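This report concerns only the one structure given below.
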Amino acid sequence: GYCDQPYVVITKDGNWLCTLTTGKGVEGQRGQHVVATISQDKGKTWSPLIDIEPADGPEASWVMPLVAPGGRVYAFYTYNADNLREVPNCNAPRLARRVDTLGKYVFKYSDDNGHTWSERRYEIPMRPMRLDRENNAGGAILFFWGVGKPIVDRGRVFLGFAKVGKWGLPGGMVRSQGCFLRSDDLLTVADPAQAHWETLPDGDEGLRAPKGPVADEANLVALSDGSLYATYRTIDGHPCAAYSHDGGHSWTPPAYMTYAPGGRRVKHPRAANFVKKFSNGKYLYWFHNHGGEPVHTGPWDPYAGRNPAWIAGGIERDGQILWSQPEVLLYDDDPKARISYPDFIEDGGRYFVTETQKTIARVHEIDPALLAGLWSQFDRAEVIRDGLALERIGDPIPPGSTVDLPRLPDLRNRGGFTLDLWIWFDELTAGQVVLDGRAPPSGRGLLLATSPRGTLELTLSDGATVFH
21 GYCDQPYVVI TKDGNWLCTL TTGKGVEGQR GQHVVATISQ DKGKTWSPLI DIEPADGPEA
81 SWVMPLVAPG GRVYAFYTYN ADNLREVPNC NAPRLARRVD TLGKYVFKYS DDNGHTWSER
141 RYEIPMRPMR LDRENNAGGA ILFFWGVGKP IVDRGRVFLG FAKVGKWGLP GGMVRSQGCF
201 LRSDDLLTVA DPAQAHWETL PDGDEGLRAP KGPVADEANL VALSDGSLYA TYRTIDGHPC
261 AAYSHDGGHS WTPPAYMTYA PGGRRVKHPR AANFVKKFSN GKYLYWFHNH GGEPVHTGPW
321 DPYAGRNPAW IAGGIERDGQ ILWSQPEVLL YDDDPKARIS YPDFIEDGGR YFVTETQKTI
381 ARVHEIDPAL LAGLWSQFDR AEVIRDGLAL ERIGDPIPPG STVDLPRLPD LRNRGGFTLD
441 LWIWFDELTA GQVVLDGRAP PSGRGLLLAT SPRGTLELTL SDGATVFH
């Protein structure tokens with residue numbers, strides 16, 4: 021079956037409560053609904069699924085949990101409230117029958133740590149924008165979904181979602197913008213129906229991409245000064261990031277995410293890219309580390325390439341987040357695996373990540389040394405000596421220089437190696453050789469050279485099979 025967005029909160033009894041979207045078929049198939057499950061042993065075992073909405077009701081999707089300071093747990097999700105069976109004016113019959121990304125934004129709550137849920141569902145009013153008025157139904161139906169797990173900052177509740185301006189081909193969500201829902205009193209009102217909600221940003225436009233028509237899956241964190249920082253995905257080969265200094269009412273202009281102000285752009289396909297803040301005040305960013313400007317010059321599947329999953333560590337400096345160089349967090353032996361929609365959990369000084377491959381959801385514990393290494397990059401300007409097998413220093417290293425390469429580990433048995441270079445190119449013509457460790461005549465070994473995409477390409481060969 022289908023399972024997506026395995027998001028976790030720690031309830032007041034110390035257990036983990038995971039909410040997720042599930043169904044017997046594939047994503048979008050009839051019977052898709054939202055459920056919860058409970059773990060008493062930090063993710064090792066889980067309870068049977070608990071329906072938040074039943075499988076035989078209208079589609080309920082993209083559930084996100086929030087635990088309030090008093091212990092009440094909220095579950096926010098998209099609900100096909102009118103039980104529509106077809107998207108109007110859709111250019112693809114298969115997508116026209118998919119009705120899981122429209123309707124009302126609603127929530128239920130639990131006062132017993134997720135074991136049972138309120139019978140009533142509460143609707144969150146969403147303010148229409150230009151994109152809604154231009155959608156398939158002319159604004160009569162709202163198309164949207166959310167993956168931005170709710171946060172609480174200074175008593176204010178925020179959750180991120182995307183408005184869809186056109187549903188169909190290409191890509192399902194043809195046009196989209198990032199938005200947020202904010203409530204300043206959900207955590208204090210006696211009756212959740214009386215909570216006041218705002219749709220942000222103000223005005224008629226949400227968060228947008230600098231070039232393409234897609235800007236969705238906005239999620240956010242709060243900085244120490246009360247500012248908000250959001251990331252969201254595009255089809256431009258780069259994710260976007262934005263800051264708000266007025267509680268989400270306005271945001272910095274559309275801009276691709278960089279590792280530092282004015283620095284190198286982050287690369288990412290059309291996939292979840294999430295930011296998380298931990299109790300130590302530091303941040304973590306999940307993404308897939310490929311894409312870039314060359315995607316505009318040739319065929320490229322923006323939904324592909326969700327394996328491996330990468331992370332970067334972030335620290336606050338001068339009111340902004342600086343990001344470390346990335347490291348691989350998770351990978352699958354199947355290159356077509358799609359590892360995505362994570363959640364990060366901090367529990368008793370230990371760190372965990374959930375993820376889904378759409379049919380399998382898992383929990384992994386993260387070595388805290390990995391995170392510490394990311395967060396310390398800003399203060400440790402030094403070469404890593406642990407495991408160093410070869411070092412060649414020159415200013416510059418003369419072209420044509422040779423060096424004896426060490427024996428590389430067996431990659432078939434989980435061996436691995438890292439190439440760490442400090443290099444400057446005057447231009448990026450394809451075919452410039454940086455490192456050639458191939459053995460004639462079979463070509464066994466490695467080659468590092470510039471590619472036609474304006475990138476560095478690593479080629480590995482065992483003499484019979486070549487991997488790029």
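To convert, count from 1 in the sequence shown and add 20; that's the working numbering. Ideal placement from N, C-alpha and C gives every residue a C-beta, glycine not left out. In this text the structure is predicted, and so the values were computed from the model without any measurement.
When you compare the CB positions of residue i and residue j, do they come within less than 8 Å of one another, or not?
{"i": "F372", "j": "E385", "result": "yes"}
{"i": "K186", "j": "N156", "result": "yes"}
{"i": "V234", "j": "I255", "result": "yes"}
{"i": "A56", "j": "P78", "result": "no"}
{"i": "G339", "j": "D266", "result": "no"}
{"i": "V167", "j": "N239", "result": "yes"}
{"i": "D222", "j": "S270", "result": "yes"}
{"i": "D224", "j": "M149", "result": "yes"}
{"i": "F164", "j": "T121", "result": "yes"}
Which residue comes first and which comes last in the beta strand (DSSP E) that contains residue i?
{"i": "A261", "result": "260 to 264"}
{"i": "R427", "result": "Unbroken run through R427: none, as it is neither H nor E."}
{"i": "P85", "result": "80 to 87"}
{"i": "Y305", "result": "303 to 307"}
{"i": "Q197", "result": "192 to 203"}
{"i": "D173", "result": "164 to 173"}
{"i": "A469", "result": "465 to 470"}
{"i": "K124", "result": "124 to 130"}
{"i": "A95", "result": "93 to 99"}
{"i": "F178", "result": "176 to 188"}
To which residues of the same chain is residue i closer than 7 Å at the C-beta, ignoring the five residues directly before and after it?
{"i": "F437", "result": "L428, P429"}
{"i": "N35", "result": "I58, S59, Q60, N133"}
{"i": "A469", "result": "G451, Q452, V453, V454, E477"}
{"i": "V383", "result": "G63, F372, T374"}
Any heavy atom of the ligand FAD closer than 7 Å to the Cβ of residue i?
{"i": "P355", "result": "Of ligands this structure carries none, so the ligand FAD is not represented either."}
Residue range of the alpha helix (DSSP H) that residue i falls in?
{"i": "L240", "result": "Where L240 is concerned, there is no enclosing alpha helix (DSSP H), although the beta strand (DSSP E) it sits in stretches over 236 to 242."}
{"i": "P388", "result": "388 to 395"}
{"i": "D152", "result": "150 to 153"}
{"i": "P26", "result": "Run containing P26: none in the alpha helix (DSSP H); it sits in the beta strand (DSSP E), 22 to 30."}
{"i": "L115", "result": "113 to 116"}
Apart from the five residues just before and just after residue i, which ones in its own chain have a Cβ nearer than 6 Å to its Cβ?
{"i": "Y99", "result": "A80, G123, K124, V126"}
{"i": "N293", "result": "T251, R253, P259, F307"}
{"i": "V54", "result": "T41, I72, E73, A80, V83, Y97"}
{"i": "A75", "result": "G51, H53"}
{"i": "I171", "result": "F178"}
Taking only three categories from DSSP, how would you classify residue i?
{"i": "D367", "result": "strand"}
{"i": "L431", "result": "helix"}
{"i": "P362", "result": "strand"}
{"i": "Q340", "result": "strand"}
{"i": "E313", "result": "helix"}
{"i": "A275", "result": "coil"}
{"i": "A213", "result": "helix"}
{"i": "S481", "result": "strand"}
{"i": "D352", "result": "coil"}
{"i": "T39", "result": "strand"}
{"i": "T254", "result": "coil"}
Take residue i and list the residues in its own chain whose beta-carbon comes closer than 8 Å to its own, dropping the five residues that flank it on each side.
{"i": "D33", "result": "N133"}
{"i": "G21", "result": "T42, G43, K44, G45, T379"}
{"i": "F487", "result": "T479, L480, S481"}
{"i": "L227", "result": "Q197, G198, C199, P221, A235, A238, A250, Y252, C260, A262, W271, P274"}
Practice problem: Flag this pair as touching only if the stretch 197 to 204 and the stretch 213 to 220 have three or more C-beta atom pairs under 8 Å; answer yes or no. | Solution: yes
Quiz item: Below 8 Å, can you find three or more Cβ-Cβ pairs linking the stretch 88 to 95 to the stretch 416 to 425?
Solution: no
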